[in-house]
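Engineer: Okay, so the sequence shown: first residue is 816 according to my numbering, each after it adds one.
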Amino acid sequence: GRVNGLERKLGIELDEEYRKFLIKYNGGDTPNTEVKTKGFSSDLRHLFGINAKKNIEDYLQIPVWENTKCVPIGEDSYGNCYAIGTEGIEKGSVFFCDHEKGFDRFKISDSFSQLLKTCKSGEIKPLARRSPEEREADLTARGKAGNITDGLREIWKQEYEKYKDMIQEKVIL
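1) I'd like to know if the segment 915 to 926 and the segment 949 to 960 are in contact, where contact means that at least 3 CB-CB pairs between them fall below 8 angstroms.
2) Going by alpha carbons, who is nearest to P887 out of G958, L988 and L829?
3) Identify whether N870 lies in helix, strand or coil by the three-state DSSP scheme.
4) Starting from H861, follow its DSSP beta bridges and name the residues at the other end.
5) Measure the C-alpha to C-alpha separation of N962 and S936 and round it to an integer number of angstroms.
6) Should the segment 871 to 878 be regarded as contacting the segment 845 to 857, the criterion being three or more beta carbon pairs within less than 8 angstroms?
7) Check each candidate in I970, K839 and R834 and name the one with the smallest Cα separation from E984.
8) If the criterion is Cβ atoms closer than 9 angstroms, does the pair R817 and L837 meet it?
9) Considering just the uninterrupted stretch of the alpha helix (DSSP H) at V879, what are its terminal residues?
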């Protein structure tokens, strides 16, 4: 499958938990998700997939990943990455890589499943799934039509397109 192909191409063997995740989910958006562990807190906006919109291999093109013995697996909303170790005692460990510090690694969990346990996700708000037309009609009905601008309509449109068909589910390996 695609996981075996990625491993062959990169000359690595991924941790079994992370392999299961890629096979079952192949990454995805993680809206309203916070990661909190002892000494660490950030958001998690996306987990990368293989041949997906947000692709592991695209991030590996950044020279900083050479010789790191890890693979980028996700990102926060500030451009920082989450990565998983691929060799030795760090295999399967998850790191936070701060882009402002040259992607220096900071270990945040011993395993992918442990990382998932530190994630807390809020539900996608029902309003985000309403069409721009529905939102405009609602504001107009409440006497707030004067607040509606083309910029606001564009924000509503982007939010609706992102969330209208999104299925939010708990990751189970």
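Beta carbons are placed, not taken as given, at the ideal position from N, Cα and C, and that holds for glycine.
Structural biologist: Once the coordinates are examined:
1) no
2) L829
3) strand
4) D844 and E890
5) 30 angstroms
6) no
7) K839
8) Yes, Cβ-Cβ distance for R817 and L837 is below 9 angstroms.
9) Where V879 is concerned, there is no enclosing alpha helix (DSSP H), given that its DSSP letter is neither H nor E.
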